[in-house]
Structure formats: structure tokens, C-alpha cells
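Input: a single structure, listed below in C-alpha cells.
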Amino acid sequence: MWSQTNAKTEQGKDFVDETEAHGRELYFSWAIREAIEQEMERDPRVILIGEDIAVYGGAFRVTKGLLEKFGPHRVIDTPISENSFVGIAVGAALAGLRPIVEIMFMDFITLAMDAIVNHAANFHYVYGEQAKVPMVIRCPAGGGRAYGATHSKTLEAWFMHTPGVKVVVPATPYDAKGLLISSIRDDNPVIFIECKLLYSLRGNVPAEPYTIELGKARIAREGDDITLISYGRMVHECEKAAEMLLEEGISAEVVDLRSLSPMDKETIANSVTKTGRAVVVAEDNKFAGASAEIMCQVVENCFEYLDAPVLRVAAEDVPIPCAPNLERAILPNAFKIYNAAKALLNWGRK
Amino acid sequence: MLPKGELLSYLRKMWLIRFFETSLDELFGKGLIKGTSHFCAGQEAVAVGACAALRPDDAITSNHRGHGHFIAKGGEPKRIMAEIFGKSTGYVGGRGGSQHMACFEIGFIGSNGITGGGIPVATGVALAFKLRGLKRVALCFFGDGAVNTGYFHESLNMAAIWKLPVIYLCENNFYAMSTPFDYAFPIEDIAIRASAYGIEGVIVDGNDVLAVREAVLKAAEKAREGGGPTLIEAKTYRYYGHSKSDYREYRTRDEEIDWQQRDPIMRFEQYLLRNGIATENEIDEIRRSARKEIDEAIAFAQESPEPDEQFATCGVFA
């Protein structure tokens, strides 16, 4: 069994050299790998399960080099069987392991919905304290690469709607490492969404392991006139929009939620109470999407402080088209966010 | 030959399960229990024979028809009954009900309302046993209906390539709810599907408790020694319908009577008498004592308090 070859990986070596060459700047994807590697060193119960994650290193090479370091008993390639390998991870978690599952593209998580929604999410609540399901489901997600309708979705809303699972979406390399370590150490199933376009983003990442509390948002940029609330890749689009607004003397605050379930309602309320205006930005599609819940939190908790309605910028309600210009047309971006912010700031004026 | 006490304990467990299920049917009929339930009367020998072959620290997963599996693995009838009554003294305090109970201490990793849902869970438990270097076995109970799910195919394949210590025990009772076996399967025996995964497939008389025990014992020994999974098909029959709201229009009364002639408890009692292992009196006493335990379980469940309503909204996360 476990018939894996221990092929040498050049990229594994590059990873280390490059890291040292740039001090502690790491790519987003390497920050994730470092989190996994350090947690696997620290805790022998942590194992990896997924398709083509061992020799190949995963479709995005995030787990490249881990097979050589930890061996085929802990870096386990699976056949193409999403529902059962997620279900097997649930069983292994109940029996004392802490699996990290990779879903090659988040679109494929649809094949594992039963194992997540009816099993992972339920067991602790229904079976009680005896049952814990400490597992992380890593999901490369989102569009912008012209991959089309089955390789581009971001499905956080479905899991925000499922009590019993947490939903975490990092926006920076620093957060990717800290939030992933926290997710691995958490005793609950965590859907960990990795925006594919962020994999090549570089940023400061301390060498030592560190955690970031799940459910705590981050103020990515401080401002007074309007709040842009987002998560994941769209945080960067919000920051670009904030730059554009600044040129016109408008000071926008950018809230990076970091985790969608649990959601940091307090940070949202504090910011919107201060600015009186909010634009919610999400990469998933608009109708009944993640943006709907965030918007609802603003309306429920800050209504009397609002100077204008709350607006949303999210993907159009269509399957993701493939052609680059079509895909650009349906996804949110800094210009759309800027326009929404301007509309809010001009709201009620002639 | 197994010790007499051991054999009589099988008989008592089978009677416990039978009385548990027939009592539940009456209690539902009287409107004393809400919700739904799936009875396993007629299939007692599979649960009892299989669990008799396992060690206390081996694990089982169960399905929607799981009261018998739980009792066979050592669950207390009164706490199972209380769970079905929705009482705080039930195994999971009223959150689970008939189809969602668990007791990890005794290796009962849960009944499961999703057909086939226990299959990957048991497979994952077996993966953990193997990676942790424990010589334990996971056994998964499921029905013929679950064999046509994707879980069955995917999980058996992975268990086979990784040689996991897991036993897949299919209780073929010939109906997936109302769908007959010979409609849903183009084959005579489920066990032959094992060949698709390169593992051993075994057919056993599911109404013969000792035959089931023997088959599971062999599979468990093989699994413990690193020999990988086994698929066991135990052919049996459920006396009641699929659930309490089933009028059994899809099968004949003649067929039901035919299976009742092969009743697993009756056959085991005849075996014990014929071989001079137990007397009529001893058997009567076992039956009486099982009946009494179930009556006490019902009283316990009825007298137990309902869960506090606050129990509904806490404990979503560990």
C-alpha cells in the first residue's frame, strides 16, 4: 500500500532558497505550505488527503515537497472520489486524526456536499461532546483565470448557511499562514477558501508559527467617509477603489472579514457606525450570496447610523463564462466598487 | 464450541432487540412517540453475530435501521429508548432520535440517516486505526440500498487500495424502502461486487447468528493482520415495513410468512435445544428477562424529563 515514489522536487528546494533570498517575503501559496508543514511537524495527527497532492503537489503546487518530508502515510493521494475522501476524512477526524483535505477546485466540493453538510457539520452537535470533527477543507476558488464554469466558482455562501462548519477566506500571505494554522488547530470542520489569483501575491510572513483568531476581522485600511466590507481577493480590489476615492479626497475604510462564519459583526458595526455608509463586496454571485448576509448584518445592527442605503458589488448571477472579457464583465472589480461608493456618497444629492 | 454463557448472551441480545422493536411499533401505534423509526425485527442475527465477533475497542457504524446494532455493540436499551422518546436521558440527550445516536466509549460511531453515509465514516475510522498503529477494526453496517450509492463504490475502492482494516457488512433484506433487490440490481448476489475492488466477497445466511459471527470473525482477523477489507453479504429480511408509515404493498404476505419460517431467534433456540446447550426453561427465562428489561426501558424513557430547551441552541461548535 501507499505505493508512492519519493521523487525529488526541484520546486521544493526553490521554495526554501527563494524564501531566504527575500527575507520573510513569501508567496501566498508558500505561506499556506509553510503553515501545513509546520503543523505537520508539530502534530503527528495532521495528515493531508486529496487528489494529486503528493508527487504532483496539488493542481496549484501548494503541497509540493511535503510528500518527501512526511511520506506517503501522511500525504495521501486519493482516487477521484470527492464525496468519500471527504467522508473518510470525517471518520478519521472522529477517530483522532486531524486531516487537511484539498479539493482541487472549489467547484468540485459540490461532489462532497453530503459528507460536509450531513456529516462533518452535524456530528458534534448531534452526537455531543464525544464527537469532534477537527478537519480543514482547503478550496482553491474563484475566477480571473479564464477556467470557465466548472473551475472558477467560489461557494462560500453555501457553507455560511450550514451550521457546524466555519468558513475562512484569507486575503494576504500573512493571514493565509496564521488563519490556516488556527484552522488546523480548531476542533471543528473549517472550509478554507484560497483565492487562486492570490497564490502569486507576495507579502510579509514571519518564519515562526503563529495563529490568527477565527472570527476576527481586520481593518485593512482606515477611513472615515465610507466603509468597504469584503474578504479574500476582493479586499485588494477594495483597496484599489479606496486609492481612487482618495484622489478625490474621500477617505474609505476597508474591512477584511477574514472569516465569514463566524463573522465579526462587531467590527462591521463599529466601522459602519463611524462612516455611516457601506458597500459590501464579494466575489460570489449576488443573489442570496455571501454579500447578502454581510449586508443584512449592517442593516440589522447599524440602521440608525446609516446615511444612505447599503449597496452590494458582487458577481453577476450567471455561471462563470470562460472568455477573459466575459469573465471580467461579470466579476466585481475596483472600478465597480468605486462607482458604487460614489453612488452612495452622492445619494440624496441632485 | 463456544461457552454456554456466551451462546445464551446472543439469544438474550436477539430477544432484547426483538422486544425493543415490537414495543416501539406499539408505542408509535398508540401515538406515544413522535417522529419516525425503522425497525430491524427479523434481522437480529446479523447485528448480534457481527458484534459478537468484534472486540470491545473495535468500532462500528450503523445506518437508519440501527437500534439492533447499538444494542448488539453494548448499548443500554433504556438510554436508546429514551433517545427515541426525545428525552434528556437518551444517549445524545434528544438531539439525535432514532437515526442519529452514538456512544464512542463502546465503539458505536453512530447511526446515520443518510443511506450509505456510514460507509466513508467507517472507512475513515479504519484509516485512523491503521495510521495510529492500532490493531483495531471498523465494521460498517448498511443495507442493500446503500450498495448503489457512490459512497459504496468510492469507499470500497479506497479501502482496498490502502488495505484498511474495515469490514463492509451488507444486510441484504431485499428491499430498499419499496424498491426490490431484483429491480435495483442486475446481479444475483451483492457479494460479487467485491471482485470489482479486488477484495474478498462472502455470502452468509443472515438469519444464522453463528454463521454471521464466523464470517465476521474471519474478516476481522484478516483485517487485523493487514489483509484489508472484506465485503460480507448477509441475506436476511425485515418483518416490518421500511418505516412506520409503510403498508408493504410492494411485497406479498406469502413471502413474509416464508421468511418467518426462517426466523433467526427461533432457529437459534432450536439449535440450543437440539444440541442440549439450553433447556426450554432456560430459554423461557432469557425471554422473560429480556422482556422485563425492555418494559423497564420504556418506563425509564417515559419517566425521564424532556431536554431543557436551551439544549437546542448550544453546542454547534466544539
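Protein chains in written order, with the numbering used here: chain R, 17 to 366; chain U, 164 to 481. All residues carry an ideal CB built from backbone N, CA and C; glycine is no exception. Keep in mind that this is a model prediction, so the values were computed, not measured.
Rounded to the nearest whole angstrom, the CA to CA distance from F304 of chain U to V102 of chain R is 20 Å. In the DSSP assignment, P115 of chain R is bridged to R:I63.
Taking 8 Å as the CB threshold, T227 of chain R stays off the interface with chain U. For K398 of chain U, the enclosing beta strand (DSSP E) covers residues 393-398. Residue range 230-236 is occupied by the alpha helix (DSSP H) that includes K236 of chain U. At the C-beta level, G364 of chain U and R356 of chain U come within 8 Å of one another. In the displayed model, I228 of chain R falls within coil according to three-state DSSP, outside both helix and strand. If you look at D240 of chain R, you'll find it isn't in any beta strand (DSSP E); DSSP assigns it neither H nor E. Between D203 of chain R and chain U, the shortest Cβ-Cβ separation is below 8 Å. Using a Cβ-Cβ cut-off of 9 Å, V106 of chain R is close to P283, V284, G287 of chain U, given in chain order. Distances from the alpha-carbon of N336 of chain U to those of U:Y173, U:T185, U:A204 put U:A204 closest. Contact note: V255 of chain U reaches chain R through V142, Y143, G144, using a C-beta cutoff of 7 Å and chain order. In the structure shown, R416 of chain U falls within a helical segment according to DSSP collapsed to helix, strand and coil. Residue range 281-294 is occupied by the alpha helix (DSSP H) that includes V284 of chain U. Looking at the backbone, the Cα of E412 of chain U and that of S274 of chain U are separated by about 27 Å. Comparing alpha-carbon positions, the option among U:V288, U:I223, U:S251, U:F248 lying closest to A265 of chain U turns out to be U:I223.
Annotation for R61 of chain R: L113, R114 place their beta carbon closer than 6 Å to its own, counting only its chain and skipping 5 residues before and after.
At a cut-off of 8 Å between C-beta atoms, T94 of chain R counts as an interface residue with respect to chain U. Under a criterion of Cβ atoms nearer than 8 Å, no residue of chain R is adjacent to E246 of chain U; the nearest Cβ is some 11 Å distant. The beta carbon of E239 of chain U does not come within 8 Å of any beta carbon belonging to chain R, so the residue lies off that interface.
Using a Cβ distance threshold of 8 Å, G287 of chain U and A105 of chain R count as a contacting pair.
A contact between stretches requires three or more CB pairs, one per stretch, nearer than 8 Å, and the region 70-87 of chain R fails this requirement with the region 124-144 of chain R.
R376 of chain U sits close to A216 of chain U, with the two beta carbons spaced by under 8 Å. Look at the region 197-231 of chain U: the residues with a C-beta under 9 Å from a C-beta of chain R are A222, T224.
Interface flag for G364 of chain R against chain U is unset, since no Cβ pair is found closer than 8 Å. One thing to note: A357 of chain R has its Cβ no nearer than 8 Å to the Cβ of D280 of chain R. For L273 of chain R, the secondary structure class from DSSP, reduced to helix, strand or coil, is coil. Counting C-beta pairs closer than 8 Å gives three or more between the region 197-216 of chain R and the region 149-157 of chain R, which meets the contact rule. Put simply, the CB of S318 of chain U is near chain R, with a gap under 8 Å to one of its CB atoms. Taken in chain order, the unbroken stretches of beta strand (DSSP E) that lie wholly in the region 198-233 of chain U and span 3 residues or more are 222-224. Secondary structure at R376 of chain U: helix, using DSSP grouped into helix, strand and coil. Listed in chain order, the non-local C-beta contacts of T442 of chain U below 8 Å within the same chain comprise L436, local neighbours out to five positions each way being set aside. Along the region 399-424 of chain U, there is no position whose C-beta sits under 9 Å from a C-beta of chain R. Not one beta carbon of chain R lies nearer than 8 Å to the beta carbon of Y360 of chain U.
By DSSP's assignment, S246 of chain R forms a beta bridge with R:D272. For a Cβ distance threshold of 9 Å, residue set L110, F139, V142, Y143, A147 of chain R lies close to G273 of chain U, ordered along the chain.
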